[in-house]
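> Taking our numbering, the leading residue of the sequence shown gets 6, the next gets one more, and so forth.
Don't be surprised by glycine CBs; every beta carbon is placed ideally from N, CA and C.
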Amino acid sequence: MSEETRTMQTADTTPARAPEDAPALVKKIGKTTYKVRVHFSNTSTETMSDKIKRMLKNEIQQM
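What follows is the structure, encoded as structure tokens:
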């Protein structure tokens with residue numbers, strides 16, 4: 006895999022949502038309901054693709 010330099014620009018002018026308004030994934034298992042909220046960092050320097058690649062490399066090294 007080749008290493009690429011990526012520039013991430015964020016121009017988020019929308020106000021931050023209150024936690025109760027943030028998108029959530031809801032899954033009910035038996036009598037328990039799980040609600041998972043999603044959060045994206047505005048200061049992140051790593052793309053999602055880069056993060057997944059890094060995690061997979063780390064997992065392979067542990068095998």
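1) Taking residue 41 as the reference, give the member of 32, 58, 67 with the closest Cα.
2) Please go through the same chain and pick out, in chain order, the residues whose beta-carbon is closer than 6 angstroms to the beta-carbon of residue 43, but skip the five residues on each side of it.
3) Quick check: the Cα distance between residue 47 and residue 38, rounded to an integer number of angstroms?
4) Please state whether DSSP places residue 62 in a helix, a strand or coil.
So, to answer that:
1) Working through the sequence shown from its first residue, we reach residue 41 at position 36. The option with the nearest alpha carbon to residue 41 is 32.
2) Numbered from its first residue, the sequence shown carries residue 43 at position 38. Excluding sequence neighbours, residue 43 sits near 28.
3) The residue given as residue 47 occupies position 42 in the sequence shown. The residue given as residue 38 occupies position 33 in the sequence shown. Between residue 47 and residue 38, the C-alpha separation is close to 29 angstroms.
4) Here the question's residue 62 lines up with position 57 in the sequence shown. Residue 62: helix per DSSP, three-state reduction.
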